[in-house]
Amino acid sequence: MGRQPCCDKLGVKKGPWTAAEDKKLISFILNNGQCCWRAVPKLAGLSRCGKSCRLRWTNYLRPDLKRGLLTESEEQLVIDLHARLGNRWSKIAAKLPGRTDNEIKNHWNTHIKKKLLKMGIDPVTHEPLNKSCSSSPSAPVETKTDDSRSQLIQVNERPDMLQSPSENNSSSNINVDDQDSLHLPSCIWEEGDKPLIDESWSFTSNQEDFNSVIGLPAWEENCEWLLDYQDFSITDDFGLNSS
DNA sequence: AAAATCCGCAACCGCCGCAGG
DNA sequence: GCCTGCGGCGGTTGCGGATTT
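The end of the first sequence is residue 243 by the working numbering, with every number in the run present.
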């Protein structure tokens, strides 16, 4: 009561973010930290809804985000976590440092779902399709069994196999050559939802402190992609032409 | 080379739980 | 205890690029 609505719908910009908007948001958060999202657009000089700012930051601008496709080990982890947690993408994302729920959700819907179907596994129940067809009669039935499928089932049925990926590479399809797999600590299987990295990273003003907390290199180094992005955008409201 | 189709991803929408007034 | 807004979450959409015809 007495509170203003999140955003007044009118005069709120929608659609893709420009480099200038990104820059405003980044510099604001770097200077002020993550505070009240509702106030961010006004204080940062953005014609966006606070919700949109939060989404843009968490899904795209955060300096600790990994970019690019999920690795084999991450994908396997997502599959196994999905079998346990269902579509709780934020919980799943919490176990994958540098990945967002949106990214995982997208990857699931575009890649993993199809992959599992191809392998004859129901992506909802994680049961073989011919076994779970009673629960999802419309799903195509594929009787073929291949190595990767049996490995997947093994892993899903024996989560202990994932406790230490580097020790179980012979029985799961985790690629041990993939450095990322070595960074997935066994504690992910412990009860509770401890993140793999400290998520209390709503740093205030000191970027070095922030980076030291999450173990990242300097901000500038981490945001080279953003400079590239600005190069692509050529011009923007700020006159940030490629230079 | 052009048109049609597919695919991936960023962003929006609506709902829910929690906390403040 | 109730009402309302905020933040967060999951589902969905739409656009742009890639691939196929």
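C-beta atoms are modelled at their ideal positions from N, C-alpha and C, and glycine is treated no differently. Only a predicted model underlies this, so the values are computations on that prediction, with no experimental measurement involved.
P16 is the residue among N109, P16, T100 and I79 whose C-alpha sits nearest the C-alpha of S52. Secondary structure of P128 (DSSP, three-state): strand.
Check the Cα spacing between L70 and each of W57, D101, I26 and K14: the tightest is with D101.
Separation of R54 and D64 (C-alpha to C-alpha, rounded to the nearest whole angstrom) is 15 Å. Between the alpha carbons of K13 and R84 lies a gap of roughly 38 Å. Per DSSP, D80 is one residue of the alpha helix (DSSP H) stretching across E72 to L85. Between the region 103-111 and the region 73-89 there are three or more inter-stretch CB-CB distances shorter than 8 Å, so the stretches are counted as touching.
Here the alpha carbons of K115 and Q76 stand approximately 11 Å from one another. Per the coordinates, the alpha-carbon of E74 lies some 11 Å from the alpha-carbon of I112.
Around the Cβ of G68, a 10 Å sphere holds fewer than 16 other Cβ atoms; the residue is exposed.
If you draw a straight line from the Cα of H126 to the Cα of P41, it is about 42 Å long. The beta-carbon distance between L46 and K24, rounded to whole angstroms, is 6 Å. This is short enough to meet the 8 Å contact definition.
Counting the other Cβ atoms within 10 Å of the Cβ of G98 gives 16 or more, which makes it buried.
Short of 7 Å from the beta carbon of W57, and not among the five residues preceding or following it, lie these beta carbons of its own chain, in chain order: L25 and I29. Going by DSSP, L25 is part of the alpha helix (DSSP H) stretching over A19 to N32. Around the CB of G120, 16 or more other CB atoms lie within 10 Å, so the residue is classed as buried. By the Cβ-count criterion, L81 is buried, with 16 or more other Cβ atoms from all chains shown falling within 10 Å of its own Cβ. Excluding sequence positions up to five before and after N109, its CB lies less than 7 Å from no other CB in the same chain.
Selection A39, L96 and A44 evaluated against K66 yields L96 as nearest (Cα-Cα).
Restricting attention to L117, N59 and R38, the CA atom closest to the CA of A93 is found in N59.
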